[in-house]
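Residue numbers (the numbering used here): 1 to 369.
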Ligand SMILES: Cc1cc2nc3c(=O)[nH]c(=O)nc-3n(C[C@H](O)[C@H](O)[C@H](O)COP(=O)(O)O)c2cc1C
């Protein structure tokens, strides 16, 4: 049986000590009609905290830009009522012994106009270009871009005020921050567009402003090479480009980088270090010197996009993931679907109760507990 002890060693990041290395991956559930976290949402997060997860990252929750989201059941992270709901969430998570940060989410041009909490609001993006590369709106002014960055910082400041333990900026999957990173969607010619360093300037600005708002609270950013519309897409085609990209984030003062992959064991640059080479989190840690969170099919055999097609997944082995954590390839391991299926997943893994782990059933997306 796999020795899972490395998963259950504490980890310290700035002033935050996590009791183990297991992170609940951010997962949109769209269960907050009216924009505010409700009793069901409070119970859902508190259950995962009681189930032994070291750190919970919330579902993506929107910044105050009115065009930030496409679904009116996704909670906002601004305004009196939503923030009162989030305060109940963090109080319940703390009471259950957990730690938690909100994932701050602005969908950028992936949000279709006419959707979300404010259907009349325009969608924001670096160049008014959608993920297919089509120009569908005007390019925003620099002042508007700075307001988009400040919106993350306003939310981060509220997170600190409410008592959250960290914040994560959603900079992955083709959403706003990632649209700045990606050449296809960012055609700006000012300081926010051009070289990889300049395309990372928006993230730098957002991180810098978040730091002013949160002081010593840890700030994470989630990045990915892939886009929801294009799994083969790459922001960085080589380690050199990746180093320049994450170097900007490190210099901006981010505390950890969360590297989204569909399969944790997938090598990022197999042409360089082979089929069992470092994954994205491994390369980012090596090139930035920052702690990283890795993710993707942990404890399961197939990847998560299948979940949206109604597919389940069998229980998978943890041995190679634990071995890589032990080698220091990455520092924290995020778990998504296994925690939807079973809030006590971490306790069962820690207790060696592997026979109690169940396959992921796609119906877990329809239920909410
Ligand atoms: C239902 C669902 C909702 C998701 N929502 C988000 C999200 O809001 N933000 C995000 O960064 N990733 C989101 N993801 C991706 C997960 O955070 C995670 O990276 C992915 O599920 C892979 O982990 P897993 O294989 O352990 O499920 C979502 C995944 C699922 C299954």
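The beta carbon of each residue, even a glycine, is placed where N, CA and C say it ideally should be.
On a predicted model such as this, the values are computed, not experimentally measured, just so you know.
Grouping DSSP H, G and I as helix and E and B as strand, with all else coil, what is residue i?
i: residue 298; result: coil
i: residue 207; result: helix
i: residue 292; result: strand
i: residue 222; result: strand
i: residue 107; result: coil
i: residue 161; result: helix
i: residue 212; result: helix
i: residue 321; result: helix
i: residue 309; result: helix
i: residue 190; result: coil
i: residue 365; result: helix
i: residue 35; result: coil
i: residue 18; result: strand
i: residue 13; result: strand
i: residue 122; result: coil
i: residue 138; result: coil
i: residue 66; result: coil
i: residue 342; result: coil
i: residue 71; result: coil
i: residue 282; result: helix
Excluding the 5 residues flanking residue i on each side, which residues of the same chain have their C-beta closer than 6 angstroms to its C-beta?
i: residue 230; result: none
i: residue 345; result: 338 and 339
i: residue 349; result: 4
Between which two residues does the beta strand (DSSP E) harbouring residue i extend?
i: residue 78; result: Run containing residue 78: none; DSSP gives neither H nor E here.
i: residue 346; result: Premise fails: residue 346 lies in the alpha helix (DSSP H), 345-350, not in any beta strand (DSSP E).
i: residue 59; result: 55-62
i: residue 22; result: 22-24
i: residue 257; result: 256-259
i: residue 168; result: 167-173
Take residue i and list the residues in its own chain whose beta-carbon comes closer than 8 angstroms to its own, dropping the five residues that flank it on each side.
i: residue 152; result: 63, 104, 106, 169, 206, 209 and 210
i: residue 154; result: 63, 64, 78 and 213
i: residue 138; result: 128
i: residue 329; result: 278, 279, 281, 282, 285 and 294
i: residue 9; result: 20 and 21
Is the beta carbon of residue i less than 9 angstroms from the beta carbon of residue j?
i: residue 293; j: residue 241; result: no
i: residue 166; j: residue 55; result: yes
i: residue 290; j: residue 255; result: yes
i: residue 247; j: residue 287; result: yes
i: residue 235; j: residue 223; result: yes
i: residue 24; j: residue 334; result: yes
i: residue 48; j: residue 98; result: yes
Can you give me the start and stop residues for the alpha helix (DSSP H) that residue i sits inside?
i: residue 180; result: 176-181
i: residue 247; result: 239-252
i: residue 116; result: Premise fails: residue 116 is in no alpha helix (DSSP H) and is neither H nor E.
i: residue 334; result: Here residue 334 belongs to no alpha helix (DSSP H); instead the beta strand (DSSP E) covers 332-335.
i: residue 272; result: 270-273
i: residue 329; result: Where residue 329 is concerned, there is no enclosing alpha helix (DSSP H), given that its DSSP letter is neither H nor E.
i: residue 234; result: Looking at the DSSP string, residue 234 is not in any alpha helix (DSSP H), and its letter there is neither H nor E.
i: residue 197; result: 196-199
Which same chain residues end up closer than 7 angstroms to residue i when comparing Cβ atoms and leaving out the 5 residues on each side of it in sequence?
i: residue 51; result: 343, 344, 345, 346 and 347
i: residue 269; result: 239, 277 and 283
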